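Enquirer: Once you've had a glance at the structure underneath, I'll fire off some questions.
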Amino acid sequence: MKSRPLILVVEDEPAIRRLICRALELNGYVAREAGGAVEALRAMRASPPDLVLLDLGLPDRDGMELLPLFREGGAAVLVLTARGESAEKVAALDSGADDYVTKPFDTDELLARVRTCLRHRQAVLGQTDRLTVGDVSIDMDMRRVSKGLEEVHLTPKEYDVLAELARHAGRLLTHAHLLRAVWGPSHQDDVEYLRVAVRALRRKLESDPAAPVLIRNEPGVGYRLVA
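Below you can see the structure in the form of structure tokens.
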């Protein structure tokens, strides 16, 4: 029988921590909790989690410092933050977070983000070279994209943007991440390059480019391929 995903909830507010753990348990997950960094690292060593829900405002250490440690342990990371600045969200994503939820959050939204993070982790572990989203198929081995039964012609840069999003399907990638991956480090601030490529991809792949469902954007942060 398939084991239930183990989720570590790292949150210093006991009431919020208990609420999250209860919601996770009711939805079929195994939940463990930690009120600070020391307790969280001890829990990770004792039983490596599949996913960490990480509050950035911990009492004994900045949650941002823990992100790389959890990633090295093989866990996906969903950041819980009360910080509203886009710069904080970008920093968390660039440090390895798969996604974030801003407090106060709706439980249904949190559970949806949990499912997405776990799917992304499974896809990475599976190392698939082909991804199908709706009627769009991406063959990364052959560098071929099709919509329905028809092959879609993409420019090299358009394909590279799509492939990077596909390799991290479901995960929100920052503008800087995509620009570094496709155009190189010297272009990580040239956001207009990315916007042009995404507009072209939507025009070629979306049923309604004005109301995209395949490539979603988070204003001021980045893009995700919805899997």
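Numbering (the working numbering), first residue to last: 7 to 233.
All C-beta atoms, glycine included, are put in the ideal place defined by N, C-alpha and C.
Here the structure is a predicted model, which is why all the values come from computation and not from measurement.
(1) What does a CB cutoff of less than 6 Å around Gly226 pick up in its chain, not counting 5 residues either side in sequence?
(2) Any idea what DSSP makes of Gly69, helix, strand or coil?
(3) Here's the rule: buried if 16 or more other CB atoms are within 10 angstroms of the residue's CB, otherwise exposed. What is Glu164?
(4) What residue from Cys27, Gly154, Asp166 has the CA that sits closest to Asp147's CA?
(5) Can you grab the Cα-Cα spacing for the pair Lys8 / Arg125, in whole Å?
(6) Is it right to say Asp135 is buried, meaning 16 or more other beta carbons lie within 10 angstroms of its own, or is it exposed?
(7) Using only CA atoms, which one of Gly79, Ala29, Asn33, Leu25 lies nearest to Ala46?
(8) Measuring alpha carbon to alpha carbon, tell me which of Cys123, Ala233, Asp61 ends up nearest Thr108.
(9) For Ala88, which residues of its own chain have a beta-carbon under 6 Å away from its beta-carbon, when the five flanking residues on both sides are left out?
(10) Taking all protein chains shown into account, decide if Ala217 is buried (16 or more other Cβ within 10 angstroms of its Cβ) or exposed.
(11) My output table needs one value for Leu160: the three-state DSSP class, helix, strand or coil.
(12) What first and last residue would you give for the beta strand (DSSP E) that runs through Lys153?
(13) Considering only their Cβ atoms, is the gap separating Ala98 from Leu64 smaller than 8 Å?
(14) Looking at the unbroken beta strand (DSSP E) that takes in Ser143, where does it start and where does it end?
Expert: Reading from the atomic positions:
(1) Only Ser92 meet the Cβ criterion.
(2) Here Gly69 sits in helix by DSSP.
(3) The residue is buried, with at least 16 neighbouring Cβ atoms inside 10 Å.
(4) It is Asp166 whose Cα lies nearest to the Cα of Asp147.
(5) With a pLDDT of 48 at Lys8, under the threshold of 50, the predicted position of this residue should be treated as unreliable, though the coordinate-derived value follows. Taking the straight line joining both Cα atoms gives about 15 Å.
(6) Flag for Asp135 reads exposed.
(7) The shortest C-alpha separation from Ala46 is found at Gly79.
(8) Between Thr108 and the set Cys123, Ala233, Asp61, the nearest pair of CA atoms involves Asp61.
(9) Excluding five sequence positions before and after Ala88, the CB atoms of its chain that fall closer than 6 Å to its own CB belong to Lys109, given in chain order.
(10) Exposed.
(11) Shown here, Leu160 sits in coil according to DSSP, grouped into three states, outside any helix or strand.
(12) Counting along the chain, the beta strand (DSSP E) containing Lys153 begins and ends at 150-153.
(13) If you check the CB distance, Leu64 and Ala98 do not come in under 8 Å.
(14) Element bounds for Ser143: 142-145.
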